[in-house]
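Beneath this line is the structure, given in structure tokens, with notes to follow.
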Amino acid sequence: MDGVRFGVLGPLLVTHEGRDVRVPAGQPRQVLVLLLLHTGQTVSVDHLMSVLWDGDPPASARKAVQVHVSQLRRALKDLPGVSLEWSRQGYRLDVPDRSLDLQLFRDAQDPDEALAHWRGPALAELTTNTQLANQLEEERLGAIERRVDKAIKDGRHHEIIGELTGYVTEHPTRERLRGALMVALHRGGRQADALRTYDEGRRLLAEELGLDPGQELKDLHAAILRGDIPAVPRELPAKPDPFVGRRAEIELITGTSDTVIAVHGPGGQGKSALATAAAHAMAGRFPDGQLYVDLHGATPGRSPLSPAEVVRRFLRALGTPPLAVPTDPSEAAALYRSTLARRKVLVLLDNAVDAAQVGPLLPGEPGSAVLITSRRMLATLSARHVRLDSLPQEDALRLLGDDSPAAEQVAKACDYLPLALTIAAARLRSRPDWTTATLAKRLADQRHRLDELDFDDLGVRSSFQLSFEGLNAGSTRAFTLLCCLNVPSVSEPVIQALLGQADVDRALDPLVDAKLVEPCGPERYRVHDLLRLFGAEHVNDEKHDALARALTHYRETLAAALKKLRPHAYGALGYSAADGLDEPLRWLTDEAENLLAAARSAVAEPALAGHALAIAHMLYPHLFKQDRVADLVELGQIADQAARTAGSSAALQTALLVRSAANRRIGSFETARAQLEEVLEARADDPFGQGRALAGIGTIQRELGELEQASETLAQAIKLTEEYGPAGAQRVPLSALAQVHQVAGRYEQALDAAVQSLGHAREHADEAGTAYALASQGQALFKLGRLDEAEAALDECIELCRVTGEHNDEWQALLCRAELLLAAGRPAPATKDAERCLEITSARGDRYGEGVARLVLAKAGLEKHADRAAELLGTPGLRRDNLLDSLISWPERGEDQPQCSKPLV
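The opening position of the sequence shown corresponds to residue 0 in numbering that gives the first Met the number 0, with each subsequent residue numbered one higher.
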């Protein structure tokens with residue numbers, strides 16, 4: 000930078016015309032810093048002496064200051080616009096406008112621009128007085144807070160999580176930074192990490208300062224638990240560059256007050272580019288976010304997306320907790336419209352197939368707006384319709400970047416079609432040895448014109464081909480194999496398995512540079528759908544071996560995660576993947592969607608179907624416990640298809656287990672029981688397998704209210720698992736039997752079964768089984784009036800649930816303890832437990848759980864919850880829990896109290 004520059008935001012900086020100006024070391028530099036802090040103002044000699052000698056100047060200090068100033072005058076005398084003057088009041092330094100970094104920092108409106116002026120700790124020369132530096136550091140932190148707030152608002156929460164984590168580590172008591180990190184983690188789908196960040200801050204404040212978090216941070220914590228933080232999605236694709244012409248269409252779209260704008264026209268007319276450019280121009284009018292989806296209405300090799308799938312995706316993007324997204328399409332669409340009614344959101348629906356596809360995606364009230372592209376005119380929509388045709392010649396030449404006669408020939412050969420023109424321009428850029436005349440000559444041959452342009456759908460393929468051909472052999476292989484692994488995102492360890500090599504960076508970097516692969520998180524990548532289809536066309540015979548390696552990795556890592564979470568059940572597994580898996584529950588949560596997709600992609604291949612079935616068999620208990628109903632149902636379908644491909648009796652039995660769990664979770668108990676009975680019959684030569692099937696059947700019978708049959712079935716299960724299973728295997732049916740006795744009111748028998756189950760669980764270090772048994776023990780003791788013992792059992796159960804991350808089990812144990820505390824005349828701790836129940840259940844969208852939590856709060860004296868509890872528990876078709884129902888003291892409970900349920904633990 001030319002001219003004079005001064006800097007105090009870091010080591011002292013003085014330059015002129017880009018060259019350093021020498022300032023004498025020591026106190027002269029400190030004097031200059033103090034004068035720069037007060038440019039244009041008179042600084043007294045007394046103030047200078049006080050700072051230089053830390054409040055205790057010697058007798059010679061005044062003379063020393065005069066010497067230092069004299070030295071500074073000599074150093075600065077040749078700098079234009081700089082003057083250092085003396086008066087009776089002190090010294091005054093004047094510098095050119097906008098030459099001091101501190102001034103630029105304070106004047107900057109954009110926090111990124113402001114922070115760019117910092118080069119290190121401010122006022123590094125002032126070692127005797129840190130107060131001034133601390134004041135500037137406070138200003139820097141304020142700018143950092145504004146910057147991260149802006150990034151989160153702009154939807155860039157993923158980008159700043161690492162940076163924010165560093166700031167919070169450096170400034171652990173700064174609550175605004177901690178709150179920003181919590182919001183970024185929450186919006187990045189890492190709710191557990193967000194809550195952990197709060198807990199760490201709360202403990203630190205208590206231990207170091209004896210304080211509680213401020214109310215704002217407490218409110219944020221509660222909002223995260225409830226899922227109430229409104230997400231601000233910023234999903235628009237990048238603005239097309241170059242984008243030329245279409246001025247009239249842009250003005251029409253951006254200037255209309257219509258809620259729905261529908262752009263239509265033949266393929267290749269640039270509908271997506273126009274809509275994206277218009278959406279960026281309109282984005283500022285929609286502060287609550289922008290949603291985007293490619294509906295695949297005209298995508299080769301892809302079926303159009305269903306409206307239900309898009310509604311679920313949009314609800315999650317708008318902040319609805321995944322478990323609160325209704326599985327019924329009509330209910331989900333209604334919730335989507337209600338969510339949009341409270342916000343101003345721009346929705347870009349690209350590549351629609353017909354009006355029926357977009358109908359459920361339209362807002363019900365003004366405020367939000369929808370921009371649609373399609374090939375056909377969606378004439379039945381009440382919308383502002385905009386038709387696109389080919390570009391006029393002037394704009395076509397601008398898109399080519401050339402107005403020569405040869406460019407006119409190219410534009411005419413392209414029929415002025417934007418896609419073809421874009422491809423032609425890209426070819427010219429990629430071949431600097433070509434002239435426009437070279438391309439015009441190649442296009443003149445009509446027999447090969449489409450080959451040259453890859454027109455329409457082929458045009459997309461050709462545009463990808465240009466990037467693909469520039470790859471080295473390793474990157475080419477990586478891209479084609481990645482395109483065969485049809486999962487939403489892929490981590491580096493999976494890529495290592497897919498490629499069969501540890502070093503994948505050298506193969507991935509060129510793919511990222513070529514925009515063929517997109518980073519979507521730390522060491523995680525994704526391939527867009529059309530690129531995936533293109534790359535899969537180029538795969539060689541290595542495909543099956545590569546997919547087998549990737550599926551083996553998924554399978555072994557899933558087993559490793561389960562081994563760490565449930566060593567009693569998976570301890571026999573010896574996969575080395577367990578050694579490096581520090582957070583198995585987070586891995587399961589992060590990878591569940593990819594595991595589903597990986598299994599889905601392998602069901603039809605005889606050599607791979609076994610992997611799909613194994614993944615489904617291991618994954619279904621996790622999805623069951625997490626209430627991921629839609630995923631569990633799909634997993635059942637995957638297991639069924641994989642088993643049919645495999646064709647063996649054992650495979651079909653495994654699929655029946657998965658399908659039975661799915662049917663049980665959605666309330667189809669008779670179907671679930673019939674499937675387990677089929678397994679039971681097929682396992683005539685496997686007594687232990689029969690015992691496990693009977694345990695499931697007995698649990699379903701309890702859920703159906705068939706308590707005597709359930710007791711008999713579970714007694715058989717206990718006998719078979721004890722005689723033929725591994726040591727302690729009977730603890731599962733024993734715990735289920737305790738629940739049956741509990742619902743039947745046989746509390747002594749329930750306690751006996753729970754105690755036996757607990758003994759086996761403790762003996763085999765089964766934390767989850769211990770929690771189940773402790774829950775049953777606490778419930779039975781509560782009903783027997785042994786409240787102190789019951790409370791102790793439930794206390795331990797709740798702690799174990801928190802250790803294992805089983806929040807579904809945690810809230811139900813908390814609810815039982817709240818009932819116990821009310822019975823003991825202790826409403827205050829009962830209220831605390833019920834409020835925690837309400838936080839968990841409302842965040843998960845569990846209407847029954849929220850209803851019973853509010854009921855207990857009303858009984859504890861918070862009557863404001865009573866009406867909402869009655870509304871929730873009166874929901875038609877609500878699946879209730881007969882075990883919890885048996886524990887709750889119901890006001891005016893009648894004989895017709897519903898008994899159908901899902902299990903407690």
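No residue lacks a Cβ here, since even glycine has one placed at the ideal position from N, Cα and C.
Please determine, among the options, the residue with the shortest C-alpha to C-alpha distance to residue i.
| i | options | result |
| --- | --- | --- |
| LEU675 | ASP198, ILE665, LEU655 | LEU655 |
| PRO328 | SER734, ARG386, GLN356 | GLN356 |
| ALA642 | ASP218, LEU580, HIS279, ARG599 | ARG599 |
| GLU451 | ALA412, GLU468, PRO431 | ALA412 |
| GLU517 | CYS482, LEU497, MET376, ARG548 | CYS482 |
| TYR166 | LEU322, ASN471, MET181, LEU399 | MET181 |
| LEU530 | GLN408, THR298, GLU555 | THR298 |
| ALA493 | GLY520, GLY695, LEU546 | In the sequence as displayed, the identity of residue 493 is Val instead of Ala. Out of GLY520, GLY695, LEU546, LEU546 has the C-alpha closest to the C-alpha of VAL493. |
| ASP293 | HIS740, LEU793, LEU235 | LEU235 |
| ALA743 | LEU757, THR803, PRO521, SER885 | SER885 |
| GLU16 | ARG155, GLY54, VAL64, PRO79 | PRO79 |
| ALA230 | LYS238, LEU837, ARG315 | ARG315 |
| GLN778 | ALA791, THR435, GLN392 | ALA791 |
Give every residue of the same chain whose Cβ lies closer than 7 angstroms to the Cβ of residue i, excluding the five residues on either side of it in the sequence, and list them in chain order.
| i | result |
| --- | --- |
| THR326 | VAL628, ALA629 |
| PHE313 | LEU290, TYR335 |
| ALA842 | LEU224, ARG225, GLY226, PRO320 |
| ARG672 | ILE696, ILE699 |
| GLY623 | Reading the sequence as shown, one finds Phe at residue 623 and not Gly. Around PHE623: LEU631, ALA660, ARG664. |
| PRO27 | HIS67, GLN70, LEU71 |
| ASN133 | none |
Would you please state the rounded distance, in angstroms, between the beta carbons of residue i and residue j? I believe it to be under 8 angstroms.
| i | j | result |
| --- | --- | --- |
| ARG118 | LEU47 | Incorrect: roughly 24 angstroms between the Cβ atoms, too far for contact. |
| THR372 | ALA274 | 5 angstroms |
| ALA709 | GLN700 | 4 angstroms |
| SER480 | VAL526 | Just to set this straight, residue 480 is Leu in the shown sequence, not Ser. Actually they do not touch by this definition, with Cβ atoms about 11 angstroms apart. |
| LEU814 | VAL851 | 6 angstroms |
| LEU71 | PHE5 | Wrong, their Cβ atoms sit about 12 angstroms apart, outside the cutoff. |
| LEU618 | LEU594 | 6 angstroms |
| VAL346 | SER367 | 7 angstroms |
| LEU33 | VAL50 | 6 angstroms |
| ALA735 | ALA749 | ALA735 to ALA749, Cβ: 11 angstroms. No contact. |
| ASP106 | GLY39 | Incorrect: roughly 14 angstroms between the Cβ atoms, too far for contact. |
| ASN471 | PRO509 | 7 angstroms |
Have a look at the DSSP bridge pairing and note the partners of residue i.
| i | result |
| --- | --- |
| TRP889 | The partner list for TRP889 (beta bridge, DSSP) is empty, contrary to what the question assumes. |
| ILE260 | LEU370, ARG383 |
| HIS15 | VAL3, ARG18 |
| GLY697 | DSSP output for GLY697 lists no bridge partner at all. |
| ALA351 | SER373 |
| LEU99 | PHE5 |
| GLU84 | ARG91 |
| PRO404 | Its beta-bridge partners do not exist; DSSP assigns none. |
| ASP293 | ASP349 |
| ASN518 | Reading off the sequence, residue 518 comes out as Pro, not Asn. DSSP lists TYR524 as partners of PRO518. |
Can you name, in chain order, every residue of its own chain whose Cβ lies under 6 angstroms from the Cβ of residue i, other than the five neighbours on each side?
| i | result |
| --- | --- |
| LEU457 | Residue confidence is low: LEU457 scores 43 on pLDDT, short of 50, so the model does not pin down where it sits. Its coordinate-derived value is still stated next. So no residue of the chain qualifies. |
| GLN652 | VAL678, ALA681 |
| LEU820 | PRO828, ALA829 |
| ALA817 | ALA829, ASP832, ALA833, VAL855 |
| GLN689 | LEU679, ARG682, LEU719 |
| THR610 | The question names Thr, but residue 610 is His in the sequence shown. Contacts found: LEU550, ARG554, ALA601. |
| HIS806 | ILE839 |
Is any heavy atom of the ligand FAD found at a distance shorter than 6 angstroms from the C-beta of residue i?
| i | result |
| --- | --- |
| ALA496 | The ligand content of the structure shown is nil, which means the ligand FAD is not present either. |
Within the same chain, show all residues whose beta-carbon is closer than 8 angstroms to that of residue i, passing over the 5 residues directly before and after it, in chain order.
| i | result |
| --- | --- |
| ALA501 | GLN495 |
| GLY727 | HIS567, HIS759, ALA760, GLU762, HIS763, ASP765 |
| ASP353 | GLY296, SER373, ARG375, LEU377 |
| ASP211 | ARG201, LEU204, ALA205, LYS217 |
For chain C, is any of its Cβ atoms less than 7 angstroms away from the one on residue i?
| i | result |
| --- | --- |
| GLY784 | In summary, chain C is missing from the structure at hand, where a single protein chain is found. |
Would you be able to state if there are at least three C-beta pairs under 8 angstroms between the segment 239-254 and the segment 270-286?
Touching, yes.
Count Cβ pairs between the segment 258-271 and the segment 402-421 that sit closer than 8 angstroms; are there 3 or more?
Output reads yes: the segment 402-421 touches the segment 258-271.
Assess contact between the segment 583-599 and the segment 557-564, defined as three or more Cβ pairs (one per stretch) separated by less than 8 angstroms. Is contact present?
Contact check between the segment 583-599 and the segment 557-564: three or more CB pairs, one atom from each, fall below 8 angstroms, which counts as touching.
Do the segment 58-70 and the segment 106-114 make contact, defined as three or more Cβ pairs closer than 8 angstroms?
No, the segment 58-70 is not in contact with the segment 106-114.
If contact is defined by three or more beta carbon pairs under 8 angstroms, each pair taking one atom from either stretch, is the segment 209-221 in contact with the segment 290-309?
As far as the Cβ criterion goes, the segment 290-309 does not touch the segment 209-221, which means the pair count is below three.
So, does the segment 145-152 touch the segment 174-194, judging by three or more C-beta pairs under 8 angstroms?
Because the criterion of three Cβ pairs below 8 angstroms is met, the segment 145-152 and the segment 174-194 touch.
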